[in-house]
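K.L.:
Shown below is the structure under consideration.
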Amino acid sequence: MEERTPAPEQLISGMSKPELVELLEELGIEADESQAGVIQQLVVQLGSLEGAIEALELLGQIDARRAA
32 MEERTPAPEQ LISGMSKPEL VELLEELGIE ADESQAGVIQ QLVVQLGSLE GAIEALELLG
92 QIDARRAA
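Each number in the numbering used here corresponds to the 1-based position in the sequence shown with 31 added.
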């Protein structure tokens, strides 16, 4: 029987926070373990790493506008 390669979202949902921080750094995203946990939860809820990152970027833009 052939084994399937898990989707990136499945891998992310099973990662430890330090592992996820390291992965995010490789993707050019600075995050601490707390932020990595939030990203991990968003990935699970949205089913997409890209969607989670886009959501966080949008929130960052909204916060920047409010601060201005």
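Each residue gets a CB set at the ideal place from its N, CA and C atoms; glycine is no exception.
So, at 7 Å on beta carbons, what are the nonlocal neighbours of residue 64 in its own chain, with the 5 sequence-adjacent residues on each side left out?
P.N.:
For the purposes of this step, residue 64 is identified with residue 33 of the sequence shown, where counting begins at 1. Excluding positions up to five away in sequence, the list reads 48, 49 and 52.
K.L.:
Would you tell me roughly how many angstroms separate the C-alpha atoms of residue 98 and residue 76, rounded to the nearest one?
P.N.:
The sequence position of residue 98 within the sequence shown is 67, counting from 1. The sequence position of residue 76 within the sequence shown is 45, counting from 1. Using only the alpha carbons, I get a separation of about 28 Å.
K.L.:
Enumerate in chain order the residues of its own chain whose CB-to-CB distance from residue 40 is below 7 Å, with the five nearest sequence positions on each side excluded.
P.N.:
Position 9 of the sequence shown, counting from 1, holds the residue named residue 40. Around residue 40: 74, 78, 79 and 80.
K.L.:
Buried or exposed: where does residue 71 fall if 16 or more other Cβ atoms within 10 Å of its Cβ makes it buried?
P.N.:
Sequence index remark: in the sequence shown, residue 71 carries index 40 (1-based). Per the 10 Å Cβ criterion, buried.
K.L.:
Rounded to the nearest angstrom, what separates residue 88 and residue 68 at their Cα positions?
P.N.:
Counting from one through the sequence shown, the residue named residue 88 turns up at place 57. Counting from one through the sequence shown, the residue named residue 68 turns up at place 37. Roughly 16 Å separates the two Cα atoms.
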